[in-house]
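Undergrad: Going down the list, the sequences are from chains A and B. Numbering-wise (the numbering used here), the first sequence opens with residue 1 and increments by one. Numbering-wise (the numbering used here), the second sequence opens with residue 1001 and increments by one. Glycine included, each C-beta is placed from N, C-alpha and C at the ideal position. Quantities reported herein were computed from a predicted structural model and do not represent experimental measurements.
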Amino acid sequence: MTRIELKVDGATVSDDVEPRMLLVQYLREKLGKTGTVIGCDTSNCGACTVHLDGRSVKSCNVLAVQADGAEVTTIEGLATDGELHPVQAAFHECHALQCGFCTPGMIMQSVDLLKDNPNPSEAEIRVGIEGNLCRCTGYHNIVKAVQTAAGQKTEA
Amino acid sequence: MTATQDAPTTEPRLEIGRDRRRKEDQRLITGRTKWTDNIQINGMLHLAMVRSPFAHAKITNIDVSEAKASRNVVDVLTGADLAETQGVLINAWPITPDQVTPTHLPVPADRVSFAGEIVAVVVARSQAEARDAAELVDVDYEELPAALDLKEAAADTVLAHPDLGTNKSALWKFDSAEAGTGGDVEEAISKAREGGVVIEREFRQQRLIPAFMEPRSTVVDPTGEQLTMWSATQIPHILRFALAATTGMPESKIRVIAPDVGGGFGGKLQTTPEEWITVAVARRTGKPVKFTETRSESLMSAHHGRDQWQKLTLAAEKDGTVTGLKVELLADLGSYVSLVGGGVPVLGAFMFNAIYKFPAYHFACQTVLTNKTWTDAYRGAGRPEATFGIERIMDELALELGVDPLEVREKNWIKAEEFPFTTVAGLEYDSGNYEAATAKAKEMFGYDELRAEQKQRRESGDKVQLGIGVSTFTEMCGLAPSRVLGSLDYGAGGWEHASVRMLATGKVEIVTGASAHGQGHETAFSQIVADRLGVPFEDVEVLHGDTQVAAKGLDTYGSRSLVVGGEALVKATDKVVEKAKPVAAHLLEANVEDIEFKAGSFGVRGTDAAVSIQDVAGAVFVAHNLPDGMEPSLDSDATYDPINFNYPHGTHLCAMEVDTETGQVKMRKYTCVDDIGNVINPLIVEGQVHGGLVQGIAQALWEEAVYDDSGTLVSASFVDYLVPTAADTINYDVGHNTTPSLTNTLGTKGVGEAGTIASTPAVVNSVLDAIRQFGVKDIQMPCTPERVWKAIQDGTAGATEDTVGAAAAHFDPATDGEGQSQRHDGNSSEGAGQ
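(1) Using beta-carbon positions only, say whether proline 1288 of chain B and valine 1220 of chain B come within less than 8 Å of one another.
(2) What are the boundary residues of the beta strand (DSSP E) that serine 1859 of chain B is part of?
(3) Going by Cα to Cα distance, which pick from B:Val1764, B:Ala1160, B:Ile1059 is closest to leucine 1148 of chain B?
(4) Using a Cβ-Cβ cut-off of 6 Å (strictly less than) and excluding sequence neighbours within five positions of threonine 1367 of chain B, which residues of its own chain qualify?
(5) Quick check: the Cα distance between histidine 1544 of chain B and proline 1345 of chain B, rounded to an integer number of angstroms?
(6) Hey, out of B:Tyr1490, B:Ala1258, B:Gly1087, whose CA is closest to alanine 1480 of chain B's CA?
(7) Please return the same chain residues whose Cβ sits closer than 6 Å to the Cβ of valine 1592 of chain B, not counting the five positions on each side in sequence.
(8) Determine the contact status of glycine 1696 of chain B and alanine 1770 of chain B, defining contact as a CB-CB distance below 8 Å.
(9) Assuming serine 1499 of chain B is part of the beta strand (DSSP E), what are its boundary residues?
(10) In the DSSP output, what is tryptophan 1230 of chain B paired with across the bridge?
(11) Just curious, the alpha helix (DSSP H) that valine 1281 of chain B is in, first and last residue?
(12) In angstroms with no decimal places, state the Cα-to-Cα distance between aspartate 1075 of chain B and alanine 1067 of chain B.
(13) Work out the CA separation of serine 59 of chain A and cysteine 102 of chain A for me, nearest whole Å.
(14) Suppose contacts are defined by Cβ-Cβ distances below 8 Å. Is methionine 1 of chain A in contact with leucine 63 of chain A by that definition?
(15) Look at isoleucine 1257 of chain B and proline 1236 of chain B and say whether their C-beta atoms are less than 8 Å apart.
(16) Measure the C-alpha to C-alpha separation of alanine 1809 of chain B and serine 1710 of chain B and round it to an integer number of angstroms.
(17) Is any beta-carbon of chain A found at less than 8 Å from that of proline 1215 of chain B?
(18) Just tell me which of B:Gly1017, B:Arg1018, B:Leu1014, B:Leu1028 has its CA closest to the CA of glycine 1518 of chain B.
(19) Using a threshold of 8 Å, state whether the C-beta atoms of alanine 1316 of chain B and leucine 1397 of chain B are closer than that.
(20) Please determine if the region 1604-1621 of chain B and the region 1561-1572 of chain B are in contact, where contact requires at least 3 C-beta pairs separated by less than 8 Å.
(21) Glutamine 66 of chain A lies in the alpha helix (DSSP H); which residues open and close that run?
(22) Where does histidine 1586 of chain B fall in DSSP's three states?
(23) Would you mind telling me which residues of chain B sit closer than 8 Å to valine 143 of chain A, beta carbon to beta carbon, in chain order?
(24) Return the CA-CA distance between alanine 1762 of chain B and serine 1715 of chain B, expressed in angstroms with no decimal places.
(25) Note down the Cα distance separating proline 19 of chain A from alanine 70 of chain A, rounded to an integer number of angstroms.
(26) Exposed or buried, glutamine 1822 of chain B, counting other C-beta atoms within 10 Å across all chains shown (16 or more means buried)?
(27) Show which residues of chain A have a CB atom less than 7 Å away from the CB atom of threonine 1294 of chain B.
(28) List the residues of chain B whose Cβ lies closer than 7 Å to the Cβ of alanine 47 of chain A, in chain order.
(29) From lysine 1411 of chain B to valine 1198 of chain B, what distance separates their C-alpha atoms?
(30) If the cut-off is 9 Å on Cβ atoms, which residues from the region 115-144 of chain A count as contacting chain B, listed in chain order?
(31) Give the range of the alpha helix (DSSP H) segment to which histidine 1521 of chain B is assigned.
(32) What are the partner residues of aspartate 1175 of chain B, as DSSP defines its beta bridges?
(33) Put valine 1661 of chain B into one of helix, strand or coil per three-state DSSP.
(34) Scan the region 1743-1759 of chain B for residues whose Cβ lies nearer than 7 Å to a Cβ of chain A and list them as they occur along the chain.
(35) Closer than 8 Å, CB to CB, is valine 37 of chain A near chain B or not?
(36) Taking C-alpha atoms, which residue in B:Lys1507, B:Arg1306, B:Arg1051, B:His1497 lies nearest to serine 1612 of chain B?
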């Protein structure tokens, strides 16, 4: 067991964890942050995407011990003071989710994408979220939501 | 272009037709969701499955001693241990009385019949410990020859289940001459051979995997009077029934809950070994038990879809008028006959004739057992397969005649003024307008301009050629009239149930037997009830997916929720209004005959006196002042059984650029104009169409479940099974033409499967249209760059080979199973896979 201490969604947490425990398992099983979900064996689907020190990572691809001392933001910590993050609001507005299972990861990745590139082209958005799979929406409305969050005007 | 309704002109604004943002979204975008895997209960035990690596083998010995001794392992159970306590998995649709159906135990004790079948179950205090111990279970197998290739299996060369003596499960036939719905197809073909046109083609429907994003998960809590099961399922009610029917537990002692469910697409329309095992272990240990599958387990052992060979013979006159269609299918059931099983291809029997006026029709489907993962419904279920076959062969007819593919379709389709139309398959199409949908699609698409560009590129010998693909489809939606299902030997009905409860505060709770998993029922059903009762959209709460709350229901599949479940809701709502009328009359001191209900208010005809439905609900709640003898409740139930299916249709057009030097295809434009009748929520409809389109496009271009020679699924991860990404796809032009359905009062038609059903042939037709000039006649799906390139090189030969080598990824025979192939060059590399 290894002792780790980190900040998750603004709160400091500390636990003894097995060295092999993945960050996503730590979030779900130890902290009950079940908003972050597991969709594949590892790193294929992006459903578990969170921010680690301000950058998006697939939390199935990071060991919990690697997050020691870091700051983690999950989908549950994205809204502030009850106000949805603009990307969350845009996903709702543009009907960019159906079953919603990929949505936490998709939103966290989109936030990171817009941080790097506040005014992306459609092609840049599509490549920027390529690591996150969605089976319901066909991506059409997800792309539109990212454009909307970036303040771009969209057609259909 | 968006799907929009005309702006309402009356006050208050009607909810139906409005692009309401979804009620479901708030919790989903903030991570406050209840997926089955999120559930933790004190003392909960976790399961890991030991699965067969062989497609077909005898189990000669299982040594569980090391696993049992492993840390925090509670038990390790084999098929012999579970024996009769595990129950059995059912086939609800034996398509013929003499169907050959192997017994399907959750954990077989003596023989495995597909790679991925469960042979032992580890029960431990944590998931990690269960999975660790699963590695320690030592199983000895004696490998048996496996029936893998569908055509070979149909010839009984190797038996998937030796004790059954055959792989042929059932032969299901429909003949229009015998049924009295049309003429004799053999006669039509003979006549066409003499003086007309006969087109004979064989098409392959490759095996697909539904690949819902949420892996399946089941939690069973046996503590309490009722055993409670949470499961990532589309069918909580059917699941409860099947559990009771096969485990000996009374149905009343079982509660099934489908909490938030992360997609299904037919893939969660199943009763699974994992569910049965979780119940058995929970009953055995008396503890709550959870099983959540990994993605590779999901891809390997959750049911697959499609997998057919289709032999089609089309007869026509020289002018292109079709005179007969003969369809002979081989359908791969996999190792067992699953819940719907052979019923899936049989649903296609009614759809091969599609929108065309074939005077003679014959359909025969032979279902075949193999040693591969069992197959069942995947979005569209039988209808995409049928639509692909007919829309591909209509293109072949156009080519033979030298006319535009839309021209030969229009010559043969049912004209707008001919509805209602009884088809050669015996269905009555109630409404539609193929001319209008096609005209609109052509205009939105810029059909003539793109044809001109195609001509110009062809003449100039452009390295990138343009192809235009057409699909004019219809489908039967809304499973289903119970009598029809009964006539097809399906084991259940097709009704749906709804309840409407008027709360004391004036809010409304509605309960539906449909079970949503991403469709947006909470929003759309709220809109229907808000209009019907004249209450605010926000005041309607939709409850579903729990057999203790929604006691009756037949769940969600086959585009049935709105057209069957929504209609049940309408009927229950109308009963509430009828019950409220005498109360309103009593309160207003008027005759009940003079009471009119409009926009949430009961008024007395010819006066200003009125009382709101909320006030009536309040008066009924306190029950202080009700008419004599009146039961103090407005709550109402309705169970609705449709009299007919409904028949959405549409015209889909795809423009594809094909790089003739590399075989790479790039979608340039995709336009569809669907007729789904009246639209409740255009935003939700558009989302359903987009998602459906991409699943159908993915079949055409990317997805395939690939098995190697020994029956191992080699596309068992998202690296190898190519679910498309955002970078693979484009934006779609979605339009509508509306002819209301006449089979339900809302005038709606199903939309959940339309995109998937229609798009696959449009895409393949577009690829072929770009490269037919090189002598290409067909390309087997998925149309990968390799297949397209080979097709261009040598006509059709190289394009119809099975997926092997680099495309088959890991475990390639070339590497002796030692290494993995590189996708880009097909060479093997060091290392033992991933």
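TA: With the structure as the only source:
(1) yes
(2) The requested residue 1859 of chain B is not part of the displayed model; chain B covers only 1001 to 1834.
(3) B:Ala1160
(4) Ser1169, Ala1170, Ala1331, Leu1333, Gly1342
(5) 30 Å
(6) B:Tyr1490
(7) Lys1581, Pro1582, Ala1585
(8) no
(9) 1496-1502
(10) B:Val1219, B:Ile1257
(11) 1273-1285
(12) 9 Å
(13) 14 Å
(14) no
(15) yes
(16) For alanine 1809 of chain B, the predicted model reports a pLDDT of 46, less than 50, meaning its position is unreliable; a value from the coordinates is still stated below. One C-alpha to the other measures close to 14 Å.
(17) yes
(18) B:Leu1028
(19) yes
(20) no
(21) That residue, glutamine 66 of chain A, is in no alpha helix (DSSP H); it is neither H nor E in DSSP.
(22) helix
(23) Ala1726, Asn1731
(24) 25 Å
(25) 16 Å
(26) Below a pLDDT of 50, predicted positions are generally treated as unreliable, and glutamine 1822 of chain B, at 38, falls in that range; the measurement from the model is reported next regardless. Its Cβ having fewer than 16 others within 10 Å, glutamine 1822 of chain B is exposed.
(27) Asp41
(28) Met1213
(29) 17 Å
(30) Glu122, Ala123, Ile125, Arg126, Val127, Gly128, Ile129, Glu130, Gly131, Asn132, Leu133, Cys134, Arg135, Cys136, Thr137, Gly138, Tyr139, His140, Asn141, Ile142, Val143, Lys144
(31) 1521-1533
(32) B:His1362
(33) A small fix is needed here, since residue 1661 of chain B is glutamate in this sequence, not valine. Three-state DSSP puts glutamate 1661 of chain B in coil, outside helix and strand.
(34) none
(35) yes
(36) B:Lys1507
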